[in-house]
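Novice:
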Amino acid sequence: MRHSEAGTRDGLARNDVPQIAAALLDRLRARSPRVHCITNAVAQNFTANVLLASGAVPSMTLSVEEIGAFVAGADALLVNLGTFDRERREATGIAVKAAVRENVPWILDPVFIDRTPSRAAFARALIENAPKAVRLNAAEFAALSGSEPTRGALAAYARATKTAIGLSGETDWVSDGERFAAIANGHALMAKVTAMGCAASALVAACLGVEPDAWRATAAALTIIGVAGELAAAKAEGPGSFAVAILDTLHNLDGPALVARAQVS
Amino acid sequence: MRHSEAGTRDGLARNDVPQIAAALLDRLRARSPRVHCITNAVAQNFTANVLLASGAVPSMTLSVEEIGAFVAGADALLVNLGTFDRERREATGIAVKAAVRENVPWILDPVFIDRTPSRAAFARALIENAPKAVRLNAAEFAALSGSEPTRGALAAYARATKTAIGLSGETDWVSDGERFAAIANGHALMAKVTAMGCAASALVAACLGVEPDAWRATAAALTIIGVAGELAAAKAEGPGSFAVAILDTLHNLDGPALVARAQVS
Amino acid sequence: MRHSEAGTRDGLARNDVPQIAAALLDRLRARSPRVHCITNAVAQNFTANVLLASGAVPSMTLSVEEIGAFVAGADALLVNLGTFDRERREATGIAVKAAVRENVPWILDPVFIDRTPSRAAFARALIENAPKAVRLNAAEFAALSGSEPTRGALAAYARATKTAIGLSGETDWVSDGERFAAIANGHALMAKVTAMGCAASALVAACLGVEPDAWRATAAALTIIGVAGELAAAKAEGPGSFAVAILDTLHNLDGPALVARAQVS
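Residue numbers (our numbering), protein chains in the order written: chain A, 1 to 265; chain B, 1001 to 1265; chain C, 2001 to 2265.
(1) Measuring alpha carbon to alpha carbon, tell me which residue in A:125, A:160 and A:263 is nearest residue 184 (chain A).
(2) Determine, using beta carbons only, whether residue 60 (chain A) comes closer than 8 angstroms to chain C.
(3) What residue range is occupied by the uninterrupted beta strand (DSSP E) comprising residue 2180 (chain C)?
(4) Assign residue 1265 (chain B) to one of two classes, buried (16 or more other C-beta atoms within 10 Å of its C-beta) or exposed (fewer than that).
(5) Taking the C-alpha atoms as reference points, what is the distance between residue 1069 (chain B) and residue 1037 (chain B)?
(6) Counting contacts by CB-CB distance shorter than 8 angstroms, is residue 2084 (chain C) in contact with chain B?
(7) Between the Cα of residue 1097 (chain B) and the Cα atoms of B:1087, B:1130, B:1120 and B:1118, which residue gives the shortest distance?
(8) Anything in chain A within Cβ reach of residue 1203 (chain B), meaning under 8 angstroms, just list it in chain order.
(9) For residue 109 (chain A), which of helix, strand or coil comes out of DSSP?
(10) Determine, using beta carbons only, whether residue 230 (chain A) comes closer than 8 angstroms to chain C.
(11) Where DSSP assigns a beta bridge to residue 1038 (chain B), which residues make up the other side?
(12) Do residue 113 (chain A) and residue 81 (chain A) come within 8 angstroms of each other at the CB atom, strictly closer than that value?
(13) Taking only runs of the beta strand (DSSP E) that begin and end inside the region 1162-1201 of chain B, which ones reach a length of at least 3 residues, in chain order?
(14) CA-CA distance, residue 101 (chain A) and residue 73 (chain A)?
(15) Should the region 1152-1172 of chain B be regarded as contacting the region 1213-1227 of chain B, the criterion being three or more beta carbon pairs within less than 8 angstroms?
(16) Here's the rule: buried if 16 or more other CB atoms are within 10 angstroms of the residue's CB, otherwise exposed. What is residue 254 (chain A)?
(17) As a quick exercise: from B:1192, B:1058 and B:1107, pick the residue whose alpha carbon is nearest that of residue 83 (chain A).
(18) What are the residues in the region 240-257 of chain A lying within 9 angstroms of chain B by C-beta distance?
(19) Is it buried or exposed for residue 40 (chain A), if we count other Cβ within 10 angstroms and need 16 for buried?
(20) Please state if the CB of residue 1219 (chain B) and the CB of residue 1169 (chain B) are separated by a distance shorter than 8 angstroms.
(21) What does residue 87 (chain A) reach in chain C if we use C-beta pairs closer than 9 angstroms?
(22) Please confirm whether residue 41 (chain A) has its beta-carbon closer than 8 angstroms to some beta-carbon of chain B.
(23) Which same chain residues, not among the five before or five after residue 2175 (chain C), have their C-beta less than 6 angstroms away from its C-beta?
(24) Quick one: which unbroken alpha helix (DSSP H) runs of 4-plus residues sit fully inside the region 1046-1072 of chain B? Chain order, please.
(25) Evaluate the contact criterion for the region 2104-2119 of chain C versus the region 2224-2234 of chain C: three or more CB pairs, one atom per stretch, below 8 angstroms.
(26) With DSSP run on the structure shown, which of helix, strand or coil describes residue 2088 (chain C)?
(27) Cβ of residue 2208 (chain C) within 8 angstroms of Cβ of residue 2123 (chain C)?
(28) So is residue 19 (chain A) in contact with chain C if we call contact Cβ pairs under 8 angstroms?
(29) What residues match up with residue 1134 (chain B) in a beta bridge as DSSP calls it?
(30) Under three-state DSSP, which class holds residue 1215 (chain B)?
(31) Helix, strand or coil: which one does DSSP assign to residue 264 (chain A)?
(32) So, does the CB of residue 2050 (chain C) fall closer than 8 angstroms to a CB anywhere in chain A?
(33) Using the beta-carbon of each residue, which ones in chain C are nearer than 7 angstroms to residue 1192 (chain B)?
(34) Please state whether the Cβ-Cβ distance between residue 1033 (chain B) and residue 1056 (chain B) is less than 8 angstroms.
(35) In this structure, does DSSP put residue 2102 (chain C) in helix, strand or coil?
Structural data, given as structure tokens:
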């Protein structure tokens, strides 16, 4: 069914994404990377539980006195711009500086930057600090890059910013300017639970904590959460039980089930 | 069983509340109103999930730089006074001003104003800014209006402030000074899950986003959440599974089930 | 199986802890103590729901204008140092002062003080204000006391600070310097849900609200949450359904089931 594809940078084809995802899932459980999260108030609890269910360990302080030390000792940093107040803005400045200095990989989730120009400007300035990955939706990509989210625009923006771009949608797209993956997993109920996208970004951060190649980490994380969403939906009666089931599923997911279900092209 | 009643302002009787609620539920799903929420830290996640399950879309930033733009583009605004700190106080000033200017309907949930005089004074000042509705419990009504919560006192306060008052209790009461509804739905487990009342207020806001008549919107929202609570309780083994089941139930609820179960007089 | 032990301060042996826990559980339901919580943003919602499920009533404002009045009228105060920002630091100063002045029992949960020296210093200063209890893990105990967490070190620190120390771990230890209990209940899934330890501390606070003897209150609370964790795990398929089930279990738990399951020595 799957076949190798020549010419990719690392000799691994996009169709190897399911195997990469399975390997990273094992690594998350073996290494328990700590992910420091600057995330919005709505998402904090669910994000922490998604990380724990996946094998990672969350920390979440925003205190300016503490966040530098927390980030310096973390395996990855998530910066999510939801409910972005003064406290989070200040914390982000310190956290990103610490991440760059200590070589801690970080990911940007530019939530709702299509809604306020000031948040979009802040996101564009943040990109200068070399995030490994950016996860966002189509409207946010347009606000960030100034382009419609075509495959070509994704690749161009990824090259220009030297990041892996993870674009969430009906099908998720992941590009680092050279490699591309389209992940067709996921379920409509994922849009009916708050903070699901925020949690997906946190999972990208966790994978960045155990995998230096940002394209692999991003594609793996979006495959894991998409497959978990599908499996959870099969057990759920609505968004309440779905949110519960996706935590159970992430906790119980194993490599073979993940590979069997992944739809990556 | 139910009968029409002449003399109400709009020719619709209180016994039409179940049909109104069914119609508004359909409208929520068709129009997906965006509700901007200033709400307490405990309630943010559950409130967002109740709105999503009902068909609405939440936004929650408190940032003073952003909240004006978020409210101006929203279909309704919720102001909940729980965990009311400086940030929320400042955000509320800007948000209510934007709502008044842009004609965005807003609702006040004066949480715990019976506990601190300063919060009660703040709530009384807010009422000057013409909320469409106020949802509260008996102790909060007494602190706000200075009267015991009788039917007459509700009507008098609603007339004086030109709002719809939704009083939660064993039976919920809704008055705009002319029309009155008593909603006997709900379940004791609703008091065993934090933020259930806050979420009810958010649902009133969502209904205000699709229905200009505040009495109808308030009565419909309290009927919807009360019926959902009863149906969820039938599936629940305690407050944990109840909180999950009410989200599933809101997501799956349809007009006929709502009308069949509603107890409005 | 269980036997009395002479020589303890109050004539009750450690093996009476299950009966004490059953009595306090009844008291929680009968008296509904209000617990004011200064706790981290990740834990607020789950903590409130654990308190409600156990029979207590949470309040959570951090506002400096309000928190003094809220604490003065509360039955117990929880101070949890997670996500400890300026707002929480300021609120804690006022809250602890009010607790001491009004004789409201309070408990300290020094989250992650092993990670930042400034938080550890703050915790040590707080201990001067006579908390009735401290609940923490081994790393936090070492950071607080400067000693490895042996039984002797626990007793010495409890005597020096006149507190009951509740040390969470594979087996929980409770010491007030004279009495000691080892509670072998609990389940591995408790470490896979965020804020479980925070919620355990909140339950200690609730028990302090109905029981002046801090050793009894602490041992009872840790027994209740440990037993509830075991019973919930038997119904759960992973951490998502476990978090739901523990709320249901706390709500439905009765004295005989608690005593039957408790493993205290």
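Note that the Cβ used here is the ideal one computed from N, Cα and C, for glycine as well.
Specialist: In terms of the structure at hand:
(1) Start at 1 with the first residue of the first sequence, and residue 184 (chain A) comes out as number 184. Checking every option, the nearest Cα to that of residue 184 (chain A) belongs to A:263.
(2) For this step, residue 60 (chain A) is matched to residue 60 along the first sequence. Residue 60 (chain A) counts as touching chain C.
(3) One-based indexing of the third sequence puts residue 2180 (chain C) at position 180. That run of the beta strand (DSSP E) goes 2180-2183.
(4) Start at 1 with the first residue of the second sequence, and residue 1265 (chain B) comes out as number 265. Residue 1265 (chain B) is exposed by the Cβ-count criterion.
(5) Taking the first residue of the second sequence as 1, we reach residue 1069 (chain B) at position 69. Taking the first residue of the second sequence as 1, we reach residue 1037 (chain B) at position 37. The alpha-carbon of residue 1069 (chain B) is positioned some 13 angstroms away from that of residue 1037 (chain B).
(6) As a working note, residue 2084 (chain C) is residue 84 in the third sequence. The Cβ of residue 2084 (chain C) sits no closer than 8 angstroms to any Cβ of chain B.
(7) Locating residue 1097 (chain B) in the second sequence gives position 97, where the first residue counts as 1. When each option's Cα is compared against that of residue 1097 (chain B), the closest is B:1130.
(8) On the second sequence, position 203 is the one that residue 1203 (chain B) refers to. None at all; the shortest Cβ gap to chain A is about 15 angstroms.
(9) Residue mapping note: residue 109 (chain A) aligns to position 109 of the first sequence, counting from 1. Here residue 109 (chain A) sits in strand by DSSP.
(10) Position 230 of the first sequence, counted from the first residue, corresponds to residue 230 (chain A). By this cut-off, residue 230 (chain A) is not an interface position.
(11) Position 38 of the second sequence holds residue 1038 (chain B). BP columns for residue 1038 (chain B) point to B:1079.
(12) Indexing the first sequence from 1 puts residue 81 (chain A) at position 81. Indexing the first sequence from 1 puts residue 113 (chain A) at position 113. Yes. Within cutoff.
(13) 1164-1168, 1172-1175 and 1180-1183
(14) Taking the first sequence and counting its residues from 1, one reaches residue 101 (chain A) at position 101. Taking the first sequence and counting its residues from 1, one reaches residue 73 (chain A) at position 73. Cα-Cα distance, rounded: 12 angstroms.
(15) Enough Cβ pairs lie closer than 8 angstroms, so yes.
(16) Residue 254 (chain A) sits at position 254 when you count from the first residue of the first sequence. Exposed, since its Cβ has fewer than 16 Cβ neighbours within 10 Å.
(17) Stepping through the first sequence from its first residue, residue 83 (chain A) is reached at position 83. Of B:1192, B:1058 and B:1107, the smallest CA-CA separation from residue 83 (chain A) is found for B:1058.
(18) 240, 241, 242, 243 and 244
(19) The residue you call residue 40 (chain A) lines up with position 40 of the first sequence. It counts as buried.
(20) Numbered from its first residue, the second sequence carries residue 1169 (chain B) at position 169. Numbered from its first residue, the second sequence carries residue 1219 (chain B) at position 219. Going by C-beta atoms, residue 1169 (chain B) is not nearer than 8 angstroms to residue 1219 (chain B).
(21) Taking the first sequence and counting its residues from 1, one reaches residue 87 (chain A) at position 87. In chain order: 2085, 2086 and 2087.
(22) The residue you call residue 41 (chain A) lines up with position 41 of the first sequence. Yes, its Cβ sits closer than 8 angstroms to a Cβ of chain B.
(23) Taking the third sequence and counting its residues from 1, one reaches residue 2175 (chain C) at position 175. The answer, listed in chain order, is 2154, 2155, 2158 and 2165.
(24) 1067-1072
(25) no
(26) Residue 2088 (chain C) sits at position 88 when you count from the first residue of the third sequence. The answer is helix: DSSP assigns residue 2088 (chain C) an H, G or I state.
(27) In the third sequence, counting from the first residue as 1, residue 2208 (chain C) sits at position 208. In the third sequence, counting from the first residue as 1, residue 2123 (chain C) sits at position 123. Their beta carbons are not under 8 angstroms apart, which means residue 2208 (chain C) does not touch residue 2123 (chain C) by this criterion.
(28) The sequence position of residue 19 (chain A) within the first sequence is 19, counting from 1. Closer than 8 angstroms to the CB of residue 19 (chain A) there is not a single CB belonging to chain C.
(29) Here residue 1134 (chain B) refers to the residue found at position 134 of the second sequence. In the DSSP output, where bridge partners are listed per residue, residue 1134 (chain B) has B:1108 and B:1165.
(30) Counting from one through the second sequence, the residue named residue 1215 (chain B) turns up at place 215. Helix.
(31) Position 264 of the first sequence, counted from the start, is the residue given in the question as residue 264 (chain A). Three-state DSSP puts residue 264 (chain A) in a strand.
(32) The residue labelled residue 2050 (chain C) in the question sits at position 50 within the third sequence. By this cut-off, residue 2050 (chain C) is not an interface position.
(33) In the second sequence, the residue the question calls residue 1192 (chain B) occupies position 192. Going along chain C in sequence order, the residues near residue 1192 (chain B) (Cβ under 7 angstroms) are 2052, 2053 and 2251.
(34) Locating residue 1033 (chain B) in the second sequence gives position 33, where the first residue counts as 1. Locating residue 1056 (chain B) in the second sequence gives position 56, where the first residue counts as 1. Going by C-beta atoms, residue 1033 (chain B) is nearer than 8 angstroms to residue 1056 (chain B).
(35) Translated into the one-based positions of the third sequence, residue 2102 (chain C) becomes position 102. Helix at residue 2102 (chain C).
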